[in-house]
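> One structure coming up, written as structure tokens, with questions to follow.
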Amino acid sequence: MHRLNIFISRFVLTAAITSLPVAMLAQTNKPSAATGTATTSTADKKFVRAAAQGGMAEVELGKLATEKGSSEDVKKFGQRMVDDHTKAGDQLKEIASSKGIPVPIKLSAKDQMTKDRLSKLSGDEFDKAYMNDMVKDHTQDVSDFKRESSSGTDSDVKNFAATTLPTIEDHLREAKKIAPKTTSASNNMKGSE
Numbered sequence: 299m300h301r302l303n304i305f306i307s308r309f310v311l312t313a314a315i316t317s318l319p320v321a322m323l324a325q326t327n328k329p330s331a332a333t334g335t336a337t338t339s340t341a342d343k344k345f346v347r348a349a350a351q352g353g354m355a356e357v358e359l360g361k362l363a364t365e366k367g368s369s370e371d372v373k374k375f376g377q378r379m380v381d382d383h384t385k386a387g388d389q390l391k392e393i394a395s396s397k398g399i400p401v402p403i404k405l406s407a408k409d410q411m412t413k414d415r416l417s418k419l420s421g422d423e424f425d426k427a428y429m430n431d432m433v434k435d436h437t438q439d440v441s442d443f444k445r446e447s448s449s450g451t452d453s454d455v456k457n458f459a460a461t462t463l464p465t466i467e468d469h470l471r472e473a474k475k476i477a478p479k480t481t482s483a484s485n486n487m488k489g490s491e
């Protein structure tokens with residue numbers, strides 16, 4: 299009987315030891331209430347960082363448009379970029395913080411070059427260059443937000459993309475509507491010279 303108890307004890311102990319790594323692995327894969335990182339895929343994290351970076355650039359370039367734009371449409375569009383992207387950026391920062399995802403705090407080198415380039419322009423030249431950049435940027439943004447809203451794995455990030463997408467699509471429509479006006483205004487100025 300004593301041998302049977304020793305055998306059972308060893309069996310139980312061996313089973314417990316061999317299942318310990320599995321239990322520990324299962325524990326580390328559970329979503330943390332504080333970070334939620336277990337459900338946040340690499341693609342979701344990449345989207346969050348890119349959206350934060352792009353939103354920050356839209357705010358900075360929007361401020362520039364309110365100062366340097368010659369057309370009232372361009373100035374209003376720039377202000378809308380500041381307002382809408384600041385609001386979306388704040389929401390995204392909250393999500394990123396809750397997931398432990400670091401977001402950029404300064405413009406990327408590419409965005410800084412765009413800002414520097416636009417800063418040197420004025421009048422119709424600024425309007426045309428800024429609105430062309432806005433059409434290009436928002437075309438990419440719509441694509442990125444659609445992809446995340448349909449295939450994201452983190453429900454918070456996916457929901458952010460889905461709820462923000464209509465605003466981004468509206469920005470693109472508005473930018474496409476204003477951009478030709480800046481081109482024709484620029485062409486009219488050249489024709490009158």
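Mapping of the sequence shown onto the numbering used here: residues 299 to 491, in sequence order.
Where a beta carbon is used, it is the ideal one built from N, C-alpha and C, also for glycine.
Of the choices 480, 364, 478 and 391, whose alpha-carbon is the least far from that of residue 458?
Here residue 458 corresponds to residue number 160 of the sequence shown, with the count starting at 1. When each option's Cα is compared against that of residue 458, the closest is 391.
> Report buried or exposed for residue 451, applying the criterion of at least 16 other Cβ atoms within 10 angstroms of its Cβ.
In the sequence shown, residue 451 corresponds to position 153, counting from 1. Under this definition residue 451 is an exposed residue.
> Within a Cβ cutoff of 7 angstroms, which residues of the same chain sit near residue 536, ignoring the five residues on either side of it in sequence?
Since the first residue shown for the chain is 299 and the last is 491, residue 536 is missing from the structure and cannot be characterised.
> Buried or exposed for residue 397, going by 16 or more other Cβ atoms inside 10 Å?
Here residue 397 refers to the residue found at position 99 of the sequence shown. Counting Cβ neighbours within 10 Å, residue 397 comes out buried, since at least 16 surround it.
> Assuming residue 436 and residue 469 form a contact by the criterion Cβ under 8 angstroms, report the distance between their Cβ atoms to the nearest whole angstrom.
Within the sequence shown, residue 436 is the residue found at index 138, counting from 1. Within the sequence shown, residue 469 is the residue found at index 171, counting from 1. About 5 angstroms; that satisfies the 8 angstroms criterion.
> Spatial neighbours of residue 473 within its chain, please: CB distance less than 8 angstroms, with the 5 preceding and 5 following residues excluded, ordered by chain position.
In the sequence shown, residue 473 corresponds to position 175, counting from 1. Excluding sequence neighbours, residue 473 sits near 375, 429, 432, 433 and 436.
> When you compare only the Cα positions, how much space is there between residue 455 and residue 447?
The count along the sequence shown starts at 1 and reaches residue 455 at position 157. The count along the sequence shown starts at 1 and reaches residue 447 at position 149. If you take the alpha carbons of residue 455 and residue 447, they lie about 8 angstroms apart.
> Cβ atoms of residue 476 and residue 371: under 9 angstroms apart, would you say?
Taking the sequence shown and counting its residues from 1, the one referred to as residue 371 is at position 73. Taking the sequence shown and counting its residues from 1, the one referred to as residue 476 is at position 178. In contact: residue 371 and residue 476 (Cβ atoms closer than 9 angstroms).
> Taking residue 357 and residue 387 to be in contact with their CB atoms under 8 angstroms, please state how far apart those CB atoms are, rounded to whole angstroms.
Residue 357 sits at position 59 when you count from the first residue of the sequence shown. Residue 387 sits at position 89 when you count from the first residue of the sequence shown. Right, the Cβ-Cβ distance comes to about 7 angstroms (below 8 angstroms), so this counts as a contact.
> Kindly indicate which residue of 480, 342 and 463 has the alpha-carbon position closest to the one of residue 400.
Here residue 400 refers to the residue found at position 102 when the sequence shown is read from its first residue. The candidate whose alpha carbon is nearest that of residue 400 is 342.
> For residue 405, which residues in the same chain have their Cβ closer than 7 angstroms to its Cβ, ignoring the five residues on either side in sequence?
To locate residue 405, count along the sequence shown from 1; it is residue 107. Here the set comprises 354, 355, 358 and 413.
> For residue 419, name the three-state secondary structure that DSSP assigns.
Taking the sequence shown and counting its residues from 1, the one referred to as residue 419 is at position 121. Looking at residue 419 - three-state DSSP - the assignment turns out to be coil, as it is neither helix nor strand.
> Using beta-carbon positions only, say whether residue 449 and residue 366 come within less than 9 angstroms of one another.
Taking the first residue of the sequence shown as position 1, residue 449 is located at position 151. Taking the first residue of the sequence shown as position 1, residue 366 is located at position 68. It is not a contact, given that the beta carbons lie outside the stated cut-off.
> Taking residue 337 as part of the alpha helix (DSSP H), name the residues at either end of that continuous run.
The count along the sequence shown starts at 1 and reaches residue 337 at position 39. Per DSSP, residue 337 belongs to no alpha helix (DSSP H) and is neither H nor E.
> Assign residue 379 to buried or exposed, taking buried as 16 or more other Cβ atoms, counted over all protein chains shown, within 10 Å of its Cβ.
For the purposes of this step, residue 379 is taken as the residue at position 81 of the sequence shown. Buried.
> Please state whether DSSP places residue 393 in a helix, a strand or coil.
Within the sequence shown, the letter at position 95 stands for residue 393. Residue state, collapsed to three classes: helix.
> Measuring only the C-alpha atoms, how far is residue 438 from residue 460?
Along the sequence shown, one-based indexing puts residue 438 at 140. Along the sequence shown, one-based indexing puts residue 460 at 162. About 15 angstroms.
> Tell me which residues share the same chain as residue 340 and place their Cβ nearer than 7 angstroms to its Cβ, disregarding the 5 neighbours each side in the sequence.
Residue mapping note: residue 340 aligns to position 42 of the sequence shown, counting from 1. Cβ neighbours of residue 340 beyond the five flanking positions: none.
> Hey, how far is the Cα of residue 410 from the Cα of residue 453?
Here residue 410 refers to the residue found at position 112 of the sequence shown. Here residue 453 refers to the residue found at position 155 of the sequence shown. Residue 410 and residue 453: Cα-Cα distance of roughly 32 angstroms.
> Note down the Cα distance separating residue 424 from residue 368, rounded to an integer number of angstroms.
Looking up residue 424 in the sequence shown gives position 126. Looking up residue 368 in the sequence shown gives position 70. Their backbone Cα atoms lie some 8 angstroms apart in a straight line.
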